[in-house]
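Enquirer: This structure is in structure tokens; I'll ask about it shortly.
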Amino acid sequence: MIRKEQRFGLLVLIFITAQYILYIAHCQYAEVPCRVENGSCYTNDNESLKDGHDFLYPPPNCSRWVCNASMKVFLLYGCDAAVGHPYLALPMLNEDCYWPRCCNKTRYPMCFKDPDAPWLRVKSTLEN
17 MIRKEQRFGL
27 LVLIFITAQY
37 ILYIAHCQYA
47 EVPCRVENGS
57 CYTNDNESLK
67 DGHDFLYPPP
77 NCSRWVCNAS
87 MKVFLLYGCD
97 AAVGHPYLAL
107 PMLNEDCYWP
117 RCCNKTRYPM
127 CFKDPDAPWL
137 RVKSTLEN
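Numbering (our numbering), first residue to last: 17 to 144.
Structure, rendered in structure tokens:
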């Protein structure tokens, strides 16, 4: 009886540890400095984005840029943060190959088949 309780306790501990590790991985992002005016972040091409709003980029960049005006940065989320993100539940057309869909080549192969697709020709406006 004690062995079963110990095994169950160990299983619970492993599950909690795995959830914690996944939570930490989900919260990873890079900070990209930006110019901020009137509560909006500005890209290098002077595109503005209000605080808390985001840009979603298609391949090859496949990322999410969130304006954080108080820190004067864009928070850059890559594909690690896309797993289980609520945006995946939004209705999208098959042709919509923006983050987080472009992170899953297995589920959305149409995002990577056509080398002449417009989303593969897009150059990020945030590049120098």
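Ideal Cβ placement from N, Cα and C applies to all residues, glycine included.
When DSSP builds the beta bridges, which residues end up paired with Arg23?
Expert: According to DSSP, Arg23 bridges with nothing at all.
Enquirer: Using beta-carbon positions only, say whether Cys119 and Gly94 come within less than 9 Å of one another.
Expert: Yes.
Enquirer: How would you call Leu125, buried or exposed, if buried means at least 16 neighbouring beta carbons within 10 angstroms?
Expert: The question names Leu, yet the displayed sequence has Pro at residue 125. Exposed, since its Cβ has fewer than 16 Cβ neighbours within 10 Å.
Enquirer: Output needed for Ala46: all residues of its chain with C-beta closer than 6 Å, excluding positions within five of it in sequence on either side, in chain order.
Expert: Excluding residues within five positions, the ones whose Cβ falls inside 6 Å are Leu92.
Enquirer: Rounded to the nearest angstrom, how far is the Cβ of Val48 from that of Val89, given a contact under 8 Å?
Expert: Their Cβ separation, rounded to whole angstroms, is 6 Å, which keeps Val48 and Val89 in contact under 8 Å.
Enquirer: Looking at C-alpha atoms only, which residue of Arg117, Val52 and Arg123 is the closest neighbour of Pro76?
Expert: Residue Arg117 is the option with its Cα nearest to Pro76.
Enquirer: Going by beta carbon distance, what residues of the same chain come within less than 8 Å of Tyr36, once the five residues before and after it are set aside?
Expert: Caution is warranted here: a pLDDT of 47 is assigned to Tyr36, below 50, making its placement in the model unreliable, and no coordinate value can be reported.
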